[in-house]
Every structure is written in structure tokens, then in C-alpha cells.
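> Have a look at this one before I ask anything.
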Amino acid sequence: MDDAWSMLLVVIEAGGWYAPVIFILFHVFRQFVFVPPAVVCIAGGLIFGVVPGIVYSLLGLSGASILFYLLVRQIPEMMNKLSRLKKRLVGRFRDLTVAQVALLRLVPVIHYQLLSFCLYERKSSFKDFMFASFLANIPFVIFYTIFGEYIGEFDTITGLILMSVFMLLAYLLREKITFIKWREFFESRP
0 MDDAWSMLLV VIEAGGWYAP VIFILFHVFR QFVFVPPAVV CIAGGLIFGV VPGIVYSLLG
60 LSGASILFYL LVRQIPEMMN KLSRLKKRLV GRFRDLTVAQ VALLRLVPVI HYQLLSFCLY
120 ERKSSFKDFM FASFLANIPF VIFYTIFGEY IGEFDTITGL ILMSVFMLLA YLLREKITFI
180 KWREFFESRP
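Number 59 in numbering that gives the first Met the number 0 belongs to position 60 of the sequence shown; there are no gaps in the numbering.
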């Protein structure tokens, strides 16, 4: 494993100016090869350093958000599947705020695209969605790029405490008012 990691670092360092471009493109298309975004952010911090890693990861995740926005509008089956998943996990009449999405993205076991879909439902125009997505990605990228080296050193108890704190904060930052249309409230459930 150390040999493979060393070889990857040598290839990236010898890559010149196109290494960041390849990294950003990998961030955009990593969702099709099922690589978690946290892993890519950690790798960006280790390969490029903290500040360039944060910038490249933000650019890559912004590109991934653009691709997600375009795909969710073009593929209704994907939208329906994410909508059913959201109704089952979040609730039928609940919408997550941008702050909640930002905190929930810090928990590695929560589906990244589901959180993007929650932002899409809340902010359906392209400009609003991209701004909300960018804001929600900032804490995620900073956390995993800076503290990525130390996350592997956490013991199980520390990891569970950290995830519990994130979940508690997400609950406390929830939207306190829910508007339900009369027709939707009384419709029969399938």
C-alpha cells in the first residue's frame, strides 16, 4: 500500500499543471465510480497541501453539483428514487436547511447525493442551487482536507461522539415551521 501511495504522489508531483485539472475532473466524475467525496478531499489535502487542496476540492465539488443539477433535471427516474429515499429518511413534509445539509455532509455515512437533492428541492433555480451547494460544501471540504490525516487516528468512541455532535447540531438547526397543503395532508398514502 505504501508503494502504491508513493507512486501516486510521484506521478502527481511530476504531473505539472494538469495534475490539479485531473484532480478536479476526478472530483466531478467520482460519483460514477462510487468514491466517497471525503476520501477525495483527504487525498487533495495530502497531495496538494491544505490551501490548494481546499480550492481544488471546492472547484471539483462545484463541478459535481453542476453535473448533478443537469442530471436530476434530465433523468426523472433518478429524481423519483431520491425523492422516495428522502421521504423515507428525512420525512415527507420536512425540508433540510442549507446549514443542516452542511453539517450532515460532515457525517461520512450520510448519502452525499441525497443531501444534494435536499438542496435541489429547496433551491430549484440553478443560481440558488449552486450558491447553496457551494456554501454547504465549504465546511465539508475544510474539515476533511485539514483534519483528514487525524480522522484515521480517532478511536471508535471519538468518532461516535463526533458524529453524534453533528447530528445534534443538524437537529438544532432544523426549520421550526412546516407548511403542509390541505390536500397533501389528507391524501391517502399508498
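Even for Gly, the Cβ is constructed at its ideal location relative to N, Cα and C.
For S115, tell me which candidate among W16, V164 and Y68 has the shortest Cα-Cα distance.
Y68
> Does the beta-carbon distance from V100 to M162 come in below 9 Å?
no
> Is DSSP giving I145 helix, strand or coil here?
helix
> What are the boundary residues of the alpha helix (DSSP H) that includes G43?
Unbroken alpha helix (DSSP H) run through G43: P36 to F47.
> Tell me whether H110 sits in a helix, a strand or coil according to DSSP, three-state version.
Assignment of H110 by DSSP, reduced to helix, strand and coil, places it in the coil class.
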